[in-house]
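Q: From first to last, the protein sequence lines are chains A and B.
So that you can map any letter, position 6 of the first sequence is 6 in our numbering, and since no number is skipped, the others follow by simple counting.
For our numbering, add 115 to where a residue sits in the second sequence, where the first one is 1.
Built from N, CA and C at the ideal position, the CB exists for glycine as well.
These figures come from a predicted structure and were not determined experimentally.
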Amino acid sequence: NAGVTQTPKFQVLKTGQSMTLQCAQDMNHNSMYWYRQDPGMGLRLIYYSASEGTTDKGEVPNGYNVSRLNKREFSLRLESAAPSQTSVYFCASTPRGGSSYNEQFFGPGTRLTVL
Amino acid sequence: QKEVEQNSGPLSVPEGAIASLNCTYSDRGSQSFFWYRQYSGKSPELIMFIYSNGDKEDGRFTAQLNKASQYVSLLIRDSQPSDSATYLCAVKRWGNRDDKIIFGKGTRLHILP
Numbered sequence: 001n002a003g004v005t006q007t008p009k010f011q012v013l014k015t016g017q018s019m020t021l022q023c024a025q026d027m028n029h030n031s032m033y034w035y036r037q038d039p040g041m042g043l044r045l046i047y048y049s050a051s052e053g054t055t056d057k058g059e060v061p062n063g064y065n066v067s068r069l070n071k072r073e074f075s076l077r078l079e080s081a082a083p084s085q086t087s088v089y090f091c092a093s094t095p096r097g098g099s100s101y102n103e104q105f106f107g108p109g110t111r112l113t114v115l
Numbered sequence: 116q117k118e119v120e121q122n123s124g125p126l127s128v129p130e131g132a133i134a135s136l137n138c139t140y141s142d143r144g145s146q147s148f149f150w151y152r153q154y155s156g157k158s159p160e161l162i163m164f165i166y167s168n169g170d171k172e173d174g175r176f177t178a179q180l181n182k183a184s185q186y187v188s189l190l191i192r193d194s195q196p197s198d199s200a201t202y203l204c205a206v207k208r209w210g211n212r213d214d215k216i217i218f219g220k221g222t223r224l225h226i227l228p
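1. Is there a Cβ from chain B that is less than 9 Å from the Cβ of residue 90(A)?
2. How would you list, in chain order, the residues of chain B whose beta-carbon sits under 8 Å from the beta-carbon of residue 73(A)?
3. Are residue 47(A) and residue 31(A) touching if we call contact CB-CB under 9 Å?
4. What in chain A is Cβ-close to residue 219(B), meaning under 8 Å?
5. Let's test the definition: count the other Cβ atoms within 10 Å of the Cβ of residue 228(B) and tell me whether it reaches 16, buried, or not, exposed.
6. Just verifying my parser: in three-state terms, what is the DSSP assignment at residue 104(A)?
7. So which residues on chain B does residue 106(A) lean against when the C-beta distance must stay under 8 Å?
8. Helix, strand or coil: how does DSSP classify residue 195(B) here?
9. With DSSP collapsed to three states, give me the class of residue 84(A).
10. So, does the CB of residue 103(A) fall closer than 9 Å to a CB anywhere in chain B?
11. Which runs of the beta strand (DSSP E) fall wholly inside the region 12-77 of chain A and span at least 3 residues, in chain order?
12. Exposed or buried, residue 162(B), counting other C-beta atoms within 10 Å across all chains shown (16 or more means buried)?
13. Grouping DSSP H, G and I as helix and E and B as strand, with all else coil, what is residue 143(B)?
14. In the DSSP assignment, the beta strand (DSSP E) including residue 95(A) goes from what residue to what residue?
15. Which residues in chain A sit within 8 Å of residue 123(B), going by Cβ to Cβ distance?
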């Protein structure tokens with residue numbers, strides 16, 4: 001049971017390049033999330049998927065797209081990277097919707113630098 | 116007004132003392148409250164959650180919730196150097212299909228040996 005996995009762990013891009021960050025969970029969780037974390041800014045939600053087949057914008061969606069490929073996988077795409085997207089990206093998942101207590105389980109993170 | 120507010124710190128506490136971390140929230144519909152610990156370069160991990168007014172204890176950790184004052188805190192007794200980390204407060208409404216939680220910016224805690 002690997003939990004939440006993310007690839008790659010590190011990435012350096014040039015401005016204008018595109019890339020996809022991959023996330024997978026093997027806990028049969030329904031909801032999945034993408035966050036970015038910048039110094040002094042805490043965790044900010046980019047996109048989330050409450051269930052397979054649905055995606056919604058979070059607090060900072062501009063410049064990103066997502067795909068919920070199946071229940072296990074939720075990818076984040078940067079179509080044209082900008083230096084402002086330099087950040088640490090975390091994927092998270094949670095078991096089910098609407099309950100009072102749902103812990104979010106986090107992946108190890110992807111450290112992205114855009115030059 | 117920020118939805119979840121925390122003092123960014125750093126909060127320096129001598130080893131063996133009690134560390135007190137505080138968090139306020141603006142949404143009165145918030146019903147579940149979480150404390151995550153994040154070591155430098157690592158991902159957040161849940162250490163406590165609480166949803167009833169009062170105190171909840173787990174080992175050296177105690178979470179305290181006061182919904183009337185919209186205030187939640189985390190006490191760490193007998194602080195150890197290994198407790199040095201950033202502590203993130205997070206809140207959630209009940210009944211949201213999406214299970215979104217809102218994070219504060221975190222408080223950096225430094226335990227002085």
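A: Answer, in terms of the structure:
1. For residue 90(A), the answer is yes, since a Cβ of chain B falls inside 9 Å of its Cβ.
2. Listed by position along chain B, the residues whose Cβ is nearer than 8 Å to that of residue 73(A) form an empty set, because the closest Cβ is around 18 Å away.
3. Cβ atoms of residue 47(A) and residue 31(A): not closer than 9 Å.
4. What residue 219(B) touches in chain A: 42.
5. Counting the other Cβ atoms within 10 Å of the Cβ of residue 228(B) gives fewer than 16, which makes it exposed.
6. In the structure shown, residue 104(A) sits in coil (DSSP, three-state: anything other than H, G, I, E or B).
7. Ordered by position in chain B, the residues that pass the 8 Å Cβ test against residue 106(A) are 158, 159, 160.
8. Under the three-state reduction of DSSP, residue 195(B) is assigned to coil, being neither helix nor strand.
9. Helix, per DSSP.
10. Interface residue, yes.
11. The region 12-77 of chain A contains these whole beta strand (DSSP E) runs: 19-25, 31-38, 42-49, 64-68.
12. By the neighbour-count rule (16 or more Cβ atoms within 10 Å), residue 162(B) is buried.
13. Coil, per DSSP.
14. Element bounds for residue 95(A): n/a, residue is neither H nor E.
15. Near residue 123(B) (Cβ distances below 8 Å), the residues of chain A are 40.
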